[in-house]
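In this note's numbering, the protein residues as written are 4 to 262.
Cβ coordinates follow ideal geometry from the N, Cα and C atoms, glycine included.
Structure, as structure tokens:
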Ligand code: ADP
Ligand code: MG
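Okay, structure coming up:
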């Protein structure tokens with residue numbers, strides 16, 4: 004894996020890589036339109052580890068889906084490396100997602116019929132980039148990533164033969180396969196015990212340091228927030244850096260508490 008992954012498009016470290024501007028997102032419901040994001044703006048710089056906190060139901064997953072071009076938005080823009088990806092067709096959004104964005108979910112979302120190695124290779128299979136020499140390179144890369152997340156001896160295990168923490172590590176390796184510009188993680192340790200969660204937090208932080216990997220992480224977990232450079236909150240459909248009522252302050256690494 005190149006260790007200047009986040010710089011592969013020739014831009015400077017610290018410059019903006021993913022930006023959501025004035026996002027409005029509504030869902031149709033039997034009782035009318037439900038506005039979840041009413042004017043949400045958020046930006047992550049290259050190499051940044053950014054936390055997003057917010058009450059359950061505040062729209063955190065909706066925001067990540069919008070930023071990752073998984074869902075269409077009603078209005079606003081999502082700029083990836085300066086290019087608006089929000090208005091593109093489903094086909095080109097799928098291509099951008101697959102090649103440039105890595106997703107991590109609370110429930111891992113691994114394919115149960117495939118072993119760890121094949122799950123990590125899934126983004127390449129979907130992108131149909133699995134021919135000849137490329138196939139060999141991708142296999143080596145996937146195996147290397149599994150080694151990196153400590154699963155060198157679990158490559159041929161299927162998800163049901165792995166613990167929750169191991170499954171999430173497979174999902175991390177999968178998210179890294181295509182050297183994404185940014186990883187979007189939705190409560191990545193929300194379903195793990197505190198000790199296992201902690202190992203995943205350490206792993207995410209070390210990947211952020213080693214590869215300068217940009218990450219936007221939705222989490223309720225103070226120890227993960229602490230490792231982030233910055234924390235934002237989703238309140239009333241908007242993103243704010245002001246601590247909302249009822250939230251405890253969590254000093255982040257940019258505050259000088261941990262680096
Ligand atoms: P969070 O991740 O912060 O818990 P979500 O983004 O999942 O919140 O959901 C925000 C709000 O939008 C919730 O009230 C939820 O019920 C609603 N919602 C989410 N997805 C849909 C959908 N597909 N259709 C209608 N309402 C939805
Ligand atoms: Mg959610």
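Enclosing beta strand (DSSP E) for residue i [first to last residue]
| i | result |
| --- | --- |
| residue 73 | Element bounds for residue 73: n/a, residue is neither H nor E. |
| residue 177 | That residue, residue 177, is in no beta strand (DSSP E); its alpha helix (DSSP H) goes 167-179. |
| residue 20 | 19-32 |
| residue 36 | 35-48 |
Span of the alpha helix (DSSP H) around residue i
| i | result |
| --- | --- |
| residue 214 | 197-214 |
| residue 217 | Element bounds for residue 217: not the alpha helix (DSSP H) but the beta strand (DSSP E), 217-221. |
| residue 121 | 119-123 |
| residue 141 | 135-151 |
| residue 266 | Limits of the chain in this structure are 4 at one end and 262 at the other, which puts residue 266 out of reach. |
Residue i: CB within 7 Å of a non-hydrogen atom of the ligand MG
| i | result |
| --- | --- |
| residue 64 | yes |
| residue 116 | no |
| residue 77 | no |
| residue 74 | no |
| residue 190 | yes |
Cβ-heavy atom distance, residue i to the ligand ADP, below 7 Å
| i | result |
| --- | --- |
| residue 38 | no |
| residue 30 | yes |
| residue 59 | yes |
Three-state secondary structure assigned by DSSP to residue i
| i | result |
| --- | --- |
| residue 79 | strand |
| residue 109 | coil |
| residue 258 | helix |
| residue 7 | With a pLDDT of only 45 at residue 7, under 50, the local geometry of the prediction cannot be trusted, and no value is derived from it. |
| residue 13 | With a pLDDT of 46 at residue 13, under the threshold of 50, the modelled position of this residue cannot be trusted; read the value that follows with caution. Correct three-state label for residue 13: coil. |
| residue 58 | coil |
| residue 187 | strand |
| residue 53 | strand |
Three CB pairs or more closer than 8 Å across the stretch 175-195 and the stretch 58-72:
Counting Cβ pairs under 8 Å, three or more are found: they touch.
Would you say the stretch 193-202 touches the stretch 220-227, given that touching needs at least three Cβ pairs under 8 Å?
The stretch 193-202 vs the stretch 220-227: in contact.
Inter-stretch contact at 8 Å, needing at least 3 Cβ pairs: the stretch 235-244 / the stretch 35-44:
Output reads yes: the stretch 35-44 touches the stretch 235-244.
Please give the ranges of any beta strand (DSSP E) in the stretch 227-256, keeping only runs that are unbroken, at least 3 residues long and fully inside the region.
As far as the stretch 227-256 is concerned, its whole beta strand (DSSP E) runs of at least 3 residues are 233-238 and 241-243.
How about the stretch 159-176 and the stretch 113-126: do they share at least three Cβ pairs that are nearer than 8 Å?
Segment contact: the stretch 159-176 against the stretch 113-126, three or more CB-CB distances shorter than 8 Å; contact assigned.
Should the stretch 160-170 be regarded as contacting the stretch 76-95, the criterion being three or more beta carbon pairs within less than 8 Å?
By the C-beta criterion, the stretch 160-170 is judged not to be in contact with the stretch 76-95, since fewer than 3 inter-stretch pairs fall below 8 Å.
Count the C-beta pairs between the stretch 52-67 and the stretch 204-219 that are closer than 8 Å, then say yes if the count reaches three, no if not.
Output reads yes: the stretch 204-219 touches the stretch 52-67.
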